[in-house]
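This report refers to the structure that appears directly beneath it.
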Amino acid sequence: MSEQLPSVQSPLFAPVEIEIYTYFTSQYFQRQYQQQKAEDGQTGKFAQHKHFRDKIRSIDSYDKLVEGRHVLVLAWEKVKEGPADFCGRLQPLFKATGYYDLMLLDATAQLELTHHLDDELSKEIAYRHSKMTAQASPVDTLALAEQAVESWKRLAATFHAPVHIALQEAVKYVDKTYHVDLRPLLLASPTQETIPDHERMLEPTELAQHLNYPSAMAFNKALEQAGWQQRRMRSWEATEEGRQHSTRHAWINGGKTGYNLKWNLAAVEALLTAIGTV
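The sequence shown: position 25 = 24 (numbering that gives the first Met the number 0), numbered continuously.
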């Protein structure tokens, strides 16, 4: 007896927003596949979801897709230790699966998946994708990357945000979307070297080194004692006093995701100097 997919109203069929990227669950793609087969009067090969996930894992480039954050595999035990709002957004999805791991795919992973499915729609999408890839030249890709960077700079100007932040976000977007690594250029850019202290937002490890703390843990403890952050669910959250000097920073690494805090260098240095811990 084959397992039943959740109802259409299930949160498993809604888009999942992480950072600025949109993902869909493997359950969503399985339903799309089965619906297409039903419209063709056929029966799909992957009635059980575990078999559909195995099919996704069999993609030749699966490891690269995970490494590039196009496929995320999230475990509830890890997610529930993270920030409360991130955990709260994902809990309905985990509940719908019985708290089994979630597999999330973005548009790039979906296109790769179409190469490995047998329905005509997937074959047509795969053909168009292969044709587009063959026709695209490195110059075309670089032109698209350049346009993306300029768009981020215009957005930064609209929001009166520092250009160094716009470039950091642009580099992440270009890497994610066009697979062009602009990090060497970003690191060599003067915009990243001449950032005023009042605009610099650093992670605890960087701040610990800058302010001569023995470790990020020691730095975090100092901020906790100063009343700017507190420990909740094994992660740090800014208090009302610290919120105006910090920002939550989303990260995704090897299929794992979470948040940490970045702090304003000038504000933190002034606080810790005033209370005598620097």
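Idealized CB from N, CA, C, for every residue including glycine.
These numbers come from a predicted model, not from an experiment.
- Where Arg231 is concerned, the enclosing beta strand (DSSP E) starts and stops at 228–231.
- Annotated as proximal: Thr238 and Gln229, with beta-carbon spacing under 8 Å.
- For the 8 Å CB-CB criterion, Lys175 and Arg68 form a contact.
- Thr113 sits in a helix when the DSSP states are folded into three classes.
- According to the DSSP assignment, Ala237 belongs to no alpha helix (DSSP H) but to the beta strand (DSSP E) extending over 234–237.
- Going by C-alpha positions, Leu270 is about 33 Å away from Lys77.
- Leu92 and Ser9 have their alpha carbons spaced roughly 8 Å apart.
- For the pair Ala155 and Val148, the Cα-to-Cα distance works out to about 11 Å.
- A direct Cα-to-Cα measurement between Thr204 and Ala215 gives close to 5 Å.
- In the three-state DSSP reduction, Ile58 falls in the coil class, being neither helix nor strand.
- The beta carbon of Trp75 sits closer than 7 Å to those of Phe93, Tyr98, all from its chain and outside the five residues before and after it, given in chain order.
- Taking 8 Å as the cut-off, the Cβ atoms of Val173 and Leu185 do not count as close.
- Residue environment: Phe23 is assigned as buried (16 or more neighbouring CB atoms within 10 Å of its CB, all protein chains considered).
- Here Glu16 carries a strand assignment [DSSP, helix/strand/coil].
- If you look at Leu101, you'll find it in the beta strand (DSSP E) that goes 101–104.
- For Leu222, the enclosing alpha helix (DSSP H) stretches over residues 215–224.
- In the structure shown, the three-state DSSP call for Tyr212 is coil.
- For Leu73, the enclosing beta strand (DSSP E) starts and ends at 70–73.
- When DSSP assignments are scanned along the region 142–177, the uninterrupted stretches of alpha helix (DSSP H) that are 4 or more residues long and fall wholly within it turn out to be 162–177.
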